[in-house]
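In the working numbering, the protein residues as written are 53 to 178.
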């Protein structure tokens, strides 16, 4: 089975890679590999932690999407995004390395890509 978390995180990394973060895709792969770990970074200070942020957001977006899908057949992306932001704000230390605009961009793109992967996966199972 295709994992929407992995697909979403990888797609987000491709879209978010810039000259300042050329190794973001590799960092996401490392975070995906380590996602079974029970510890999480305290803050996102380095590129590897940016990869962890993307994987964390993708995982959380998938969880929220799956939970909301039990209540409505097609949960709206804005609702999912709001849930993800609330949960991140409750559980994460402030990311000092990212401006709030950059953090929002990382979150929005990762959620968009994860939901796209989830919908593609669902279509493939029909």
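Backbone N, C-alpha and C fix where the C-beta goes; we use that ideal spot for every residue, glycine too.
This one's a predicted model, so the numbers in the text were calculated from it and none came from an experiment.
- Item | alpha helix (DSSP H) runs wholly inside the stretch 130 to 177, at least 4 long, in chain order | Within the stretch 130 to 177, the complete alpha helix (DSSP H) runs of at least 4 residues are 152 to 177.
- Query: Looking at the unbroken alpha helix (DSSP H) that takes in residue 128, where does it start and where does it end?
  - Reply: Counting along the chain, residue 128 sits inside no alpha helix (DSSP H), nor does DSSP assign it H or E at all.
- Query: Going by other Cβ atoms of all chains shown within 10 Å of its Cβ, with 16 needed for buried, is residue 162 buried or exposed?
  - Reply: It is buried - the Cβ of residue 162 has at least 16 other Cβ atoms within 10 Å.
- Message: Classify residue 176: buried if its beta carbon has 16 or more other beta carbons within 10 angstroms, exposed otherwise.
- Response: Burial call: exposed.
- Query: So, helix, strand or coil for residue 115, using DSSP?
  - Reply: Looking at residue 115 - three-state DSSP - the assignment turns out to be helix.
- residue 122 in three-state terms, based on DSSP: Taken through DSSP and simplified to helix, strand or coil, residue 122 comes out as coil.
- Query: Using a Cβ-Cβ cut-off of 7 Å (strictly less than) and excluding sequence neighbours within five positions of residue 117, which residues of its own chain qualify?
  - Reply: Only 127, 132, 167 and 170 meet the Cβ criterion.
- Query: Nearest-angstrom Cα distance between residue 112 and residue 172?
  - Reply: A straight-line Cα-Cα distance of about 18 Å links residue 112 and residue 172.
- Task: Please go through the same chain and pick out, in chain order, the residues whose beta-carbon is closer than 8 Å to the beta-carbon of residue 114, but skip the five residues on each side of it.
- Result: 56, 57, 60, 166 and 170.
- Count the other CB atoms, across all protein chains shown, that sit within 10 Å of the CB of residue 159; report buried if there are 16 or more and exposed otherwise. So residue 159 counts as buried.
- Does DSSP put residue 56 in a helix, in a strand, or in coil? When secondary structure is reduced to three states using DSSP, residue 56 falls in the helix class.
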